[in-house]
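Positions in the sequence shown are counted from 1; adding 9 to them yields this note's numbering.
Notes for the one structure printed next.
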Amino acid sequence: MAAATTLFPVHAPSPADEQRILLSNVPWATYVVLRDSVDSSGVRMTYLKGWLEIMSPSREHEVDKTQIARLLELFCLERDIPLYGYGSTTFRREEHEQGLEPDECYCRGANRETPDIALEVVVTRGAIDKLVIYRDLGVREVWIFEDGRFRLLGLRGAAYEVIETSGVLPEIDLARIAHYAAQEDQHAALRAFRDELRARAAT
């Protein structure tokens, strides 16, 4: 007899309205059906060996991840760096019973099946270790944005280690990205960042 699915509330709804639900004993087929459901398109799902976490992103989360993506893409456009974005594509591997959606993800140089960079914006912490899934997918770097700052993790063998500079985009100054991501006026921040990049290129 199959184990019954169990619900664990990860935490009460936060002031930022980001909510998470954790389910146990969820079969792979059930996860796939839920993930492919039209009604689930606005949520993030993380699945790892029977555990399923469903997250409804807050406005703060979506604002941060969208503005960071726009700044990264602007930087690469201004510097003529070929960057290919996959947004919040679902990556899943049935053989490992794993699946997730990054907040944003990118490849440098060409379209490839596995992204080079996964961006994770942290407003509230989840219960499933996404790094296990990213490692098994072979994602080279995970960029974590939390409390207004970036923390970079690079895949070294079978584990991620903290790195000071991105190996995929060593040209980028993520402190400047964080600075402009914190600006309330998104349009003004993008214009100011563009002007800064062009001024530096002209010197």
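Virtual Cβ for every residue (Gly too), placed ideally from N, Cα, C.
* alpha helix (DSSP H) containing arginine 185: first to last residue? -> 183-190
* Asked: For the putative contact between valine 148 and leucine 164, defined by C-beta atoms under 8 Å, what is the C-beta separation to the nearest angstrom?
  -> 7 Å
* Spatial distance of proline 111 from leucine 161 (CA atoms) -> 15 Å
* Rounded to a whole number of angstroms, what is the C-alpha to C-alpha distance between leucine 83 and histidine 70? -> 20 Å
* Asked: Using the rule of at least 16 other Cβ atoms within 10 Å of the residue's Cβ for burial, across every protein chain shown, is serine 46 buried or exposed?
  -> exposed
* Asked: Would the stretch 115-124 and the stretch 137-155 be scored as touching if the rule is three or more Cβ pairs under 8 Å?
  -> yes
* **Burial state of leucine 86 (16 or more Cβ within 10 Å)** => exposed
* Asked: Using a Cβ-Cβ cut-off of 7 Å (strictly less than) and excluding sequence neighbours within five positions of histidine 105, which residues of its own chain qualify?
  -> Asp145
* Asked: Helix or strand or just coil, what does DSSP make of tyrosine 40?
  -> helix
* Distance between alanine 190 and serine 175 (C-alpha atoms, nearest Å) -> 18 Å
* Asked: Mapping DSSP to helix, strand and coil, what is leucine 199?
  -> helix
* Asked: Buried or exposed: where does glycine 166 fall if 16 or more other Cβ atoms within 10 Å of its Cβ makes it buried?
  -> exposed
* Asked: Looking only at its own chain, which residues have a Cβ that is under 7 Å from the Cβ of alanine 187, when we skip the five neighbours before and after it?
  -> Gly157, Arg158 and Phe159
* Asked: Heavy atom of the ligand GTP less than 7 Å from the Cβ of arginine 68, yes or no?
  -> No copy of the ligand GTP appears in this structure; indeed no ligand is present at all.
* Inter-residue Cα distance where the pair is glutamate 62 and isoleucine 172 -> 28 Å
* Asked: Going by beta carbon distance, what residues of the same chain come within less than 7 Å of phenylalanine 100, once the five residues before and after it are set aside?
  -> Gly108, Leu109 and Leu146
* Asked: What is the residue span of the beta strand (DSSP E) that leucine 92 lies within?
  -> 92-94
* Using a threshold of 8 Å, state whether the C-beta atoms of arginine 79 and glutamate 180 are closer than that. => no
* To do: Starting from isoleucine 172, follow the alpha helix (DSSP H) in both directions and report where the run begins and ends.
  => Here isoleucine 172 belongs to no alpha helix (DSSP H); instead the beta strand (DSSP E) covers 168-172.
* To do: Report the three-state DSSP secondary structure of glutamate 106 (helix, strand or coil).
  => coil
* Alpha carbon to alpha carbon, what distance is there between lysine 74 and glutamate 113? -> 7 Å
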